[in-house]
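The sequence shown begins at 61 in this note's numbering and counts up one residue at a time. C-beta atoms are modelled at their ideal positions from N, C-alpha and C, and glycine is treated no differently.
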Amino acid sequence: MRSLFETHMFFRCTLLILAALAFSSGHAFAGPIVIAFEELRDLKDQRNQLSAQIKRLDNISKQVAAAQAEKSAAKTSIRRQEAESNEARIKLEKLQNFDRDNPGEISPKQLNAAVDRNKLAFSALKLAKENLVSADSRINTLGSEASTQYAEFLRMQKSFERDVNRVVDVHVDEQIRILQVAKEVEVTERVACGDDSIPVCKERSKKAAELKATERGSVVFINSFTEVKNFKLSKEELRSEVQATLTNKVFSNQHFVGDSEYETTIRASVVPAISPALRNQMAGAIRSEVYGIVGGRVDYSQVQNPSQLVSSAQADAEDFEEVPPAAKPAKGKKKDIEPQQEVPAVQEEPPPPPPQRAPRRLEKPTFTF
């Protein structure tokens, strides 16, 4: 049953009830269904294995979600570390260029510190990229496992439901055999003629007698319709339909009763008819009972294919773009320091200027790190 959360929403529940009425010989539905021991044990084993397989799929889904989180964190880290690595490299190059043009103005300690910062930034970037590769590898591995395990789940589901249906069909057929037993009935029915002519009233009396005989030995299909509006019952209907076949009909004792009624007696064989709707209702009730015996109904709507999560994670990888490196300064002819290359600790000092040249007096720059 679903709860109503919005005004003017309607709830409709159709309840199909199967009943055997007016069986004077005591025919009725059989009691609780009985399943052979070996068959019952096999169904229980399949049910347990199916539950275990669903748990495996759920565990894979959780692992995929964890790998996706690691991958997302790695991508965020790469973006941050690329920016920091580019910044450290640019600052180091500025120091090296200035030291080349102004030997002795920057201490070796400052240069070494800049080199160390560049190395650390590059190492952090390398680690973030390794984490991304590791997460991708885990997702790919889980994707292969997910495909295998989900295919196994589908196989187990199909096998279990097929065996349950086999048990259900056997018991439905047995129930129908119990119900569809011909029965000899004899009933008398009277109708009011009103303004009808005698032939018309006589025919109506025969039809009424047939209907009563059908009801006497038939199966009655009851359809209950309930409508709820604004959390209040607004309509409730109960409709019934008799379903049976009459054979060997013999009408007798047809006569007027008084001046306004006509009476007919009928003797016939009544064979209850089981429509597809009734059969489906019987099968549904028996199936629910079988599920209860073997361990409960499996809610397949809660089963998720982990492969879909893997596909989503792999699609996210295609949208990921690394942050481009920052532009290098125009000054300086020294070869750029690539992140893949080892950064030298200190750049070699150029030869001293000629003695006849007067030394330049420059203000020592200040670098912020």
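With a threshold of 8 Å, are at least 3 pairs of Cβ atoms found where one atom belongs to the region 312 to 332 and the other to the region 261 to 279?
yes
From which residue to which residue does the alpha helix (DSSP H) around S111 run?
F97 to D161
Put P259 into one of helix, strand or coil per three-state DSSP.
helix
Looking only at C-alpha atoms, which of R140, D105 and S204 sits nearest to M216?
D105
As an exercise, report each continuous alpha helix (DSSP H) stretch of at least 4 residues that is fully enclosed by the region 306 to 360, in chain order.
336 to 354
Mind checking whether K186 and I138 have CB atoms under 8 Å apart?
no
Buried/exposed call for V241, threshold 16 Cβ in 10 Å
exposed
May I ask you to verify whether the region 301 to 318 touches the region 329 to 346, counting CB pairs closer than 8 Å and requiring at least 3?
yes
Smallest Cα separation from G356: which of I93, D176 and N108?
N108
What are the residues that DSSP puts in a beta bridge with A304?
P332
Is V228 helix, strand or coil when you go by DSSP?
helix
Tell me which residue opens and which closes the beta strand (DSSP E) that E246 is part of.
K243 to A252
Anticipated Cβ contact below 8 Å, L202 with V124, distance rounded:
5 Å
Among D233, L103, E153 and N172, which has the Cα closest to the Cα of K218?
L103
For F220, which residues from the same chain have a beta carbon less than 7 Å from its beta carbon, with the 5 sequence-adjacent residues on both sides left out?
Q106, R107 and L110
Measure the beta-carbon distance from L369 to S121 and round it to whole angstroms, keeping in mind my assumption that it falls under 8 Å.
6 Å
Could you check what DSSP says for R366 in three-state terms: helix, strand or coil?
Arg is not the amino acid found at residue 366; the sequence shown has Pro there. It is helical.
Please state if the CB of Y210 and the CB of S367 are separated by a distance shorter than 8 Å.
yes
Report the rounded CA-to-CA distance for A343 versus V228, giving the unit in angstroms.
6 Å
What is the rounded straight-line gap between the Cα of A252 and the Cα of N313?
16 Å
Three-state secondary structure assigned by DSSP to S167:
coil
R237 and A127 closer than 8 Å at C-beta
no
Look at the alpha carbon of P168 and the alpha carbon of E147, and state the distance between them as a whole number of angstroms.
20 Å
V431 in three-state terms, based on DSSP
Because the chain spans 61 through 429 in this model, residue 431 falls outside it and cannot be assessed.
Can you list, in chain order, the residues of its chain with a C-beta nearer than 8 Å to that of T208? Leave out the 5 residues immediately preceding and following it.
none
Let me confirm a value: K115 is counted as buried when at least 16 other C-beta atoms fall within 10 Å, else exposed. Which label applies?
exposed
Rounded to whole angstroms, what is the Cα-Cα separation between S335 and T248?
27 Å
Under the three-state DSSP convention, the category G203 falls into:
helix
Quick check on this structure: which residue in N178, G352 and P163 has the alpha carbon closest to the alpha carbon of I150?
N178
Considering Cα atoms alone, identify which of D255, D256, Q303 and P259 is closest to E275.
Q303
Measuring straight from C-alpha to C-alpha, what distance separates E130 and Q141?
16 Å
If you measure between the beta carbons of I346 and I93, is that distance less than 8 Å?
yes
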